[in-house]
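J.: Heads up: the sequence shown at position 330 corresponds to 515 in this note's numbering, and the numbers run straight through without jumps. Where a beta carbon is used, it is the ideal one built from N, C-alpha and C, also for glycine. One structure follows; several queries about it will come next.
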Amino acid sequence: MSQPLTHPLHTIQKERAIIFILAALQFLHVLDFVIMMPLGPVFMESFNIDAAAFGLLVSSYSISAGVFGLIGALFLDTFDRKLSLLVLFFGFSFGTFLCAFANSYVFLLIARVIAGGFGGMIGATVLSIIGDIIPVFRRGTATGVVMGSFSVASVVGVPLGLELAERFGWHFPFLSLGIAGFLILPLGYKLLPSIRYHLDSDIKVKQSQVKSLLLVLKKKEHFPPFIFMVFLMFGGFTVIPFLSPFLVSNVGLSTKQIPYIYFFGGLVTFFTSRYIGKLADRFGKFFIYQIVTVLAIIPVILVVTMTKTALPMILVITTIFMVFVSGRMVPAFAMVTSAVEPRIRGSFMSVNSAIQQIASGAASYVAGLILYQNADKQFVNYELVGMISVLSLLFSVYLAKKIKISG
Numbered sequence: 186m187s188q189p190l191t192h193p194l195h196t197i198q199k200e201r202a203i204i205f206i207l208a209a210l211q212f213l214h215v216l217d218f219v220i221m222m223p224l225g226p227v228f229m230e231s232f233n234i235d236a237a238a239f240g241l242l243v244s245s246y247s248i249s250a251g252v253f254g255l256i257g258a259l260f261l262d263t264f265d266r267k268l269s270l271l272v273l274f275f276g277f278s279f280g281t282f283l284c285a286f287a288n289s290y291v292f293l294l295i296a297r298v299i300a301g302g303f304g305g306m307i308g309a310t311v312l313s314i315i316g317d318i319i320p321v322f323r324r325g326t327a328t329g330v331v332m333g334s335f336s337v338a339s340v341v342g343v344p345l346g347l348e349l350a351e352r353f354g355w356h357f358p359f360l361s362l363g364i365a366g367f368l369i370l371p372l373g374y375k376l377l378p379s380i381r382y383h384l385d386s387d388i389k390v391k392q393s394q395v396k397s398l399l400l401v402l403k404k405k406e407h408f409p410p411f412i413f414m415v416f417l418m419f420g421g422f423t424v425i426p427f428l429s430p431f432l433v434s435n436v437g438l439s440t441k442q443i444p445y446i447y448f449f450g451g452l453v454t455f456f457t458s459r460y461i462g463k464l465a466d467r468f469g470k471f472f473i474y475q476i477v478t479v480l481a482i483i484p485v486i487l488v489v490t491m492t493k494t495a496l497p498m499i500l501v502i503t504t505i506f507m508v509f510v511s512g513r514m515v516p517a518f519a520m521v522t523s524a525v526e527p528r529i530r531g532s533f534m535s536v537n538s539a540i541q542q543i544a545s546g547a548a549s550y551v552a553g554l555i556l557y558q559n560a561d562k563q564f565v566n567y568e569l570v571g572m573i574s575v576l577s578l579l580f581s582v583y584l585a586k587k588i589k590i591s592g
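This is the structure in structure tokens:
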């Protein structure tokens with residue numbers, strides 16, 4: 186019978202090795218998603234598409250991830266989590282590899298659907314592993330480290346990806362990501378232990394996958410985290426996908442300056458995400474989420490109302506935006522991960538991830554329908570999109586208070 190890492194046979198070093206490989210897998214997974222947004226101006230020009238079509242390109246990944254995430258909820262709790270994660274990551278890498286050979290908008294759209302179908306379940310599996318093997322009093326810190334993959338992707342991955350796109354075309358970053366995904370799989374196989382705690386636990390109830398999913402959906406305690414996840418996503422993904430196109434069209438940045446946004450934003454959030462995770466463990470996850478989310482409203486308003494602005498000021502505003510908008514995810518996911526008992530955590534996190542992905546895809550698509558470009562190719566109605574974000578942020582604080590920690 187496998188045990189959580191609190192068992193004397195396990196060491197802090199092993200725990201750190203596991204967190205490292207989870208963060209590495211999450212890094213490639215996150216980078217594949219976030220690289221789409223700074224490449225927005227390139228895609229819109231290359232395929233001659235409008236904001237709505239680009240919004241669909243971004244949301245297709247998320248919606249596919251959500252749909253297949255629900256399917257994953259039927260079986261993820263019936264397998265060793267290590268096996269599940271490695272199989273999902275292989276499929277994700279294959280979908281990303283296909284993106285490199287897309288020669289049309291439709292081909293790229295299909296490739297994104299394939300990548301999203303597998304990739305959407307990776308996050309749920311990673312969080313389930315953290316929930317299974319990391320004690321609750323260190324779970325915020327561990328979540329902060331894994332969530333810090335967004336920062337590393339922003340600091341290293343996005344600038345490098347954009348540089349590769351500038352030199353060799355937008356196909357090359359996806360080719361590199363696909364190859365890197367295949368190469369990291371053997372390392373994951375070596376470092377990750379068999380994770381069967383949810384299978385071998387004495388409290389596990391033998392039941393069909395459908396009954397397990399129904400149990401997740403019927404429990405009233407699960408409704409608050411599910412609804413919370415919808416507004417958590419709308420608080421960010423109405424604004425984030427169109428940030429780069431807006432900065433280029435309305436604020437005056439060149440496409441070559443976009444990497445600075447992600448470099449400085451990611452560099453700072455690399456440290457702040459981990460610090461926010463520690464604060465969440467020390468002072469309470471809801472308390473820290475409440476503070477970070479309310480503070481996030483300020484940079485959201487500043488971003489969506491920006492006009493022609495000097496680069497240094499843009500970097501200050503966008504960096505603060507990334508710190509708080511991404512920082513709230515750390516206590517948020519730590520709360521959600523702790524809201525379910527271990528035996529159904531995989532199914533719960535799959536459903537939760539499906540809701541997260543569909544909500545983020547819906548947010549991107551809704552924002553794309555609201556936004557349009559005028560005769561000067563400037564985006565109109567970004568302020569309205571920002572208003573939706575602010576209202577979602579405020580309502581998410583109310584919903585977060587309803588989340589109860591399991592056990």
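Is it a yes or a no for the stretch 410-427 touching the stretch 550-564, going by three-plus beta-carbon pairs under 8 Å?
T.: Yes, the stretch 410-427 touches the stretch 550-564.
J.: Output yes or no for whether 7 Å exceeds the beta carbon distance between Val575 and Val510.
T.: Position 390 of the sequence shown holds residue 575. Position 325 of the sequence shown holds residue 510. No, Cβ-Cβ distance for Val575 and Val510 is not below 7 Å.
J.: Can you tell me which of Glu351, Lys463, Gly346, Arg352 puts its alpha carbon nearest to the alpha carbon of Ala365?
T.: By 1-based counting over the sequence shown, the position of residue 365 is 180. Comparing Cα-Cα distances from Ala365 to each of Glu351, Lys463, Gly346, Arg352, the minimum goes to Gly346.
J.: When the Cα of Val508 is compared with those of Leu255, Phe455, Phe411, Val243, which residue comes out closest?
T.: The residue labelled residue 508 in the question sits at position 323 within the sequence shown. Checked all of Leu255, Phe455, Phe411, Val243; the closest Cα to Val508 is Phe455.
J.: Pop quiz: Phe367 and Ser278 are said to be a contact at Cβ under 8 Å. What is the actual Cβ separation, rounded to whole angstroms?
T.: Here residue 367 refers to the residue found at position 182 of the sequence shown. Here residue 278 refers to the residue found at position 93 of the sequence shown. So it is a contact: roughly 5 Å between Cβ atoms.
J.: So which of Lys404, Ala338, Val501 has the shortest CA-CA distance to Leu210?
T.: Locating residue 210 in the sequence shown gives position 25, counting from the first residue. Ranking the options by Cα distance to Leu210, first place goes to Ala338.
J.: Report all residues from its chain with a CB closer than 8 Å to the CB of Ser231; omit the five preceding and five following residues, and keep chain order.
T.: Stepping through the sequence shown from its first residue, residue 231 is reached at position 46. Same-chain partners within the cutoff: Trp355.
J.: With a Cβ-Cβ cutoff of 7 Å, do Ala207 and Val311 count as a contact?
T.: As a working mapping, residue 207 is identified with position 22 in the sequence shown. As a working mapping, residue 311 is identified with position 126 in the sequence shown. Per the sequence shown, the amino acid found at residue 207 is Leu instead of Ala. Yes, the pair counts as a contact, with Cβ atoms nearer than the cut-off.
J.: Would Arg266 be called buried (16 or more neighbouring beta carbons within 10 Å of its own) or exposed?
T.: The residue you call residue 266 lines up with position 81 of the sequence shown. Buried, since its Cβ has 16 or more Cβ neighbours within 10 Å.
J.: Are Val453 and Thr504 touching if we call contact CB-CB under 7 Å?
T.: Residue numbering aside, residue 453 sits at position 268 when the sequence shown is read from its first letter. Residue numbering aside, residue 504 sits at position 319 when the sequence shown is read from its first letter. Contact flag set, yes.
J.: Find the nearest neighbour of Ala547 within the set Ser247, Met222, Phe411, judged by alpha-carbon distance.
T.: Here residue 547 corresponds to residue number 362 of the sequence shown, with the count starting at 1. When only C-alpha atoms are compared, the closest one is Ser247.
J.: What did DSSP end up calling Phe564 once you bin it into helix, strand or coil?
T.: Numbered from 1 along the sequence shown, position 379 holds the residue referred to as residue 564. Residue state, collapsed to three classes: strand.
J.: On the DSSP letters alone, give me the boundaries of the alpha helix (DSSP H) that Ala296 sits inside.
T.: Residue numbering aside, residue 296 sits at position 111 when the sequence shown is read from its first letter. Ala296 -> alpha helix (DSSP H) spans 290-318.
J.: With distances taken between CB atoms, is the gap from Met418 to Ser545 smaller than 7 Å?
T.: In the sequence shown, the residue the question calls residue 418 occupies position 233. In the sequence shown, the residue the question calls residue 545 occupies position 360. Yes, the pair counts as a contact, with Cβ atoms nearer than the cut-off.
J.: Based on the DSSP output, what are the partners of Gln558 in its beta bridges?
T.: Position 373 of the sequence shown, counting from 1, holds the residue named residue 558. Gln558 pairs with Phe564.
J.: Express the C-alpha separation of Pro223 and Pro444 in angstroms, rounding to a whole number.
T.: In the sequence shown, the residue the question calls residue 444 occupies position 259. In the sequence shown, the residue the question calls residue 223 occupies position 38. Taking the straight line joining both Cα atoms gives about 8 Å.
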